[in-house]
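A short write-up of the structure that comes next.
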Amino acid sequence: MFGFLATRLSVHPENVATEGLAYVLQTSIPVARAFEDYLGRCAHLPAGLHYVTQATGEDGAIPDLAGIAGDGSAPLLVEAKFLAGLTDHQPVSYLQRLPADQPAMLLFIVPSARLELLWTEVLARSAAGGLSPTAEQGNGEYRHALVGAQHVLAVTSWRALLMTLVDAAIAANDPPARSNLDQLRGLCERMDSQAFVPLTVPDLSGSVAVRLLQYIDLIDRTVKRLANSGVASMRASDGSALRSKAADGWWGRYLALAGVTCLLRLSAQSWATDRATPIWLQIGYRGKPSASVILHAIGPLQAQRNRVFARDEGFVDVAIDLPVHVETDAVVDSMVQQISLVASYLQSAVQPRSLLPGDARQAV
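Using our numbering, the first residue of the sequence shown is number 194, and each one after it goes up by one.
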């Protein structure tokens, strides 16, 4: 019931979950120790931290939860996520806020289904901010990397963390803590299943619709630029026109790159689960060329984490990353450059052939 009410009565269920976690850590010593032991797998933090929520810093960043040490420093910053994306401050401003010259940690707690996506984005933003993480470890629901000599950047799932804390409450025979954690786990499981959160007025204001139209416009502009420059063709090798298509969860335009039928599309499913970008380039159609041939051709792109995906439907997806805080032309320039690079790889490795865009349901 707590999970149901939290999603119905709060615009930001993340805040409810954070306050719930803070309450249990403040009221149950065994659970707080288990939490510190959990973090201690990769960070040497002081024992006996005091936990506060919404601790605003001088830079305007507001981490959801901070662990305060006896000397008043905050060696632990925690950011809770359900459906929300990263803010402009995350993670760079938060990492810079960690106390210098002592062990400290920035932890993101996220739904299991979004862990890989958000971890990829966190690492990429850290690197772009000049704080390149190293010594990355973990491949399950607890990942961590070093930032500098003593700071740790980490992500874990609500499921994995709460399972550990519940076990600690049971072992300590702490029924109130277990009950509170069970309620919190119910909320997190509900959010992990991508439960429908009631609409708010801003959701219906029109800004979402305008942004979706702008994404579609970016695709149109990019395809036109690629065709005008000769990088792409709008006809298959048999002369048939390559057109726009749409199906459940996506809209896009077919084009040919080096004789290979491709689809540049807005994909809600891939955006939600695979990488933080709405625009995706499908390479191939109905297994022609084979995924193995395509993957070999675009091999250099696979060095980038979660950029290339071989789909069960027989094609390969490449995420097209969009630059932020720039005007339309700069975004189109970036998209054209990324797709032109793909075309150059295909040109050198894939023989041109007739590949016709048939059943639109192949694209997901």
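Glycine included, every Cβ here is placed at the ideal spot set by N, Cα and C.
Check: Return the CA-CA distance between Ala553 and Arg383, expressed in angstroms with no decimal places.; Outcome: Residue placement at Ala553 is poorly supported in this model, since its pLDDT is 42, which falls under 50; the coordinates still yield a value, given next. So the alpha carbons of these two residues sit roughly 32 Å apart.
Check: Secondary structure at Ala565, three-state DSSP: helix, strand or coil?; Outcome: Outside the displayed span of the chain (194 to 557) sits residue 565, for which this structure offers no information.
Check: Quick one: is Ser221 buried, meaning 16 or more other Cβ sit within 10 Å of its Cβ, or exposed?; Outcome: buried
Check: For Gln462, count neighbouring Cβ atoms within 10 angstroms of its own Cβ and tell me buried if that reaches 16, exposed if not.; Outcome: exposed
Check: Under three-state DSSP, which class holds Asp510?; Outcome: strand
Check: Is the distance from the Cβ of Leu358 to the Cβ of Ala240 below 7 Å?; Outcome: no
Check: Taking all protein chains shown into account, decide if His344 is buried (16 or more other Cβ within 10 angstroms of its Cβ) or exposed.; Outcome: buried
Check: May I ask which residues mark the beginning and end of the beta strand (DSSP E) holding Asp476?; Outcome: The amino acid at residue 476 is misidentified as Asp; the sequence shows Ile. Unbroken beta strand (DSSP E) run through Ile476: Ile472 to Ile476.
Check: Is the beta carbon of Leu539 closer than 7 Å to that of Ala451?; Outcome: yes
Check: Hey, quick one: how far does the alpha helix (DSSP H) through Ser319 stretch, first residue to last?; Outcome: Leu308 to Ala321
Check: On a Cα-Cα basis, can you pick out the residue from Asn366, Val303, Ser533 and Leu346 that is closest to Glu334?; Outcome: Val303
Check: Straight-line CA distance for Lys438 to Gly477?; Outcome: 15 Å
Check: Determine the contact status of Ala225 and Leu218, defining contact as a CB-CB distance below 7 Å.; Outcome: yes
Check: Along the chain, where does the alpha helix (DSSP H) that runs through Ile147 open and close?; Outcome: Nothing can be reported for residue 147, as the shown portion of the chain is limited to 194 through 557.
Check: Taking 7 Å as the threshold (beta carbon to beta carbon), is Pro368 in contact with chain C?; Outcome: Considering every chain present, this structure includes no chain C. It has just one protein chain.
Check: Out of curiosity, what's the CA-to-CA distance linking Ile261 and Tyr216?; Outcome: 15 Å
Check: Per DSSP, what kind of secondary structure is Phe228 in: helix, strand or coil?; Outcome: helix
Check: Among the residues of its own chain, which have a CB less than 8 Å from the CB of Arg546, if the five just before and after it don't count?; Outcome: Bear in mind that a pLDDT of 47 at Arg546, under 50, signals an unreliable position, so the number given afterwards is only what the model happens to contain. Result list for Arg546: Ser430, Gly452, Val453, Lys481 and Pro482, in chain order.
Check: Could you give the residue range of the beta strand (DSSP E) that holds Arg446?; Outcome: Trp443 to Leu450
Check: Provide the residue(s) that pair with Glu382 in DSSP beta bridges, ordered along the chain.; Outcome: Answer by DSSP bridge pairing: none, since Glu382 is not bridged.
Check: Three or more C-beta pairs under 8 Å: does that hold for the region 338-356 against the region 278-297?; Outcome: yes
Check: Helix, strand or coil for Lys274, going by three-state DSSP, please let me know.; Outcome: coil
Check: Would you call the CB atoms of Phe508 and Gln530 closer than 7 Å?; Outcome: no
Check: List the endpoints of the continuous alpha helix (DSSP H) containing Ile409.; Outcome: Ser400 to Asn421
Check: By DSSP, does Leu269 sit in helix, in strand, or in coil?; Outcome: strand
Check: Just reading off the beta strand (DSSP E) that Leu397 is part of, what are its end residues?; Outcome: Note, Leu397: premise wrong, no beta strand (DSSP E); not H, not E.
Check: Sort Val501, Leu355 and Tyr244 by Cα distance to Ser266 and report the nearest one.; Outcome: Tyr244
Check: Taking the straight line between their C-alpha atoms, what separation do you get for Gln497 and Thr470?; Outcome: 14 Å
Check: Run through DSSP, which three-state label would Ser541 get?; Outcome: helix
Check: Starting from Val519 and walking both ways along the beta strand (DSSP E), at which residues does that stretch end?; Outcome: Note, Val519: premise wrong, no beta strand (DSSP E); not H, not E.
Check: Excluding the 5 residues preceding and the 5 following Arg318 in the sequence, name in chain order all residues of the same chain whose CB lies nearer than 8 Å to its CB.; Outcome: Leu279, Gln283, Pro284 and Val285
Check: DSSP three-state call for Ala353: helix, strand or coil?; Outcome: helix
Check: Would you kindly report the start and end of the unbroken alpha helix (DSSP H) that includes Gln330?; Outcome: Per DSSP, Gln330 belongs to no alpha helix (DSSP H); it is in the beta strand (DSSP E), Thr327 to Gln330.
Check: For Leu308, which residues in the same chain have their Cβ closer than 7 Å to its Cβ, ignoring the five residues on either side in sequence?; Outcome: Glu334, Val348 and Ser350
Check: Can you grab the Cα-Cα spacing for the pair Pro296 / Leu238, in whole Å?; Outcome: 6 Å
Check: For Ile255, which three-state DSSP category applies?; Outcome: coil
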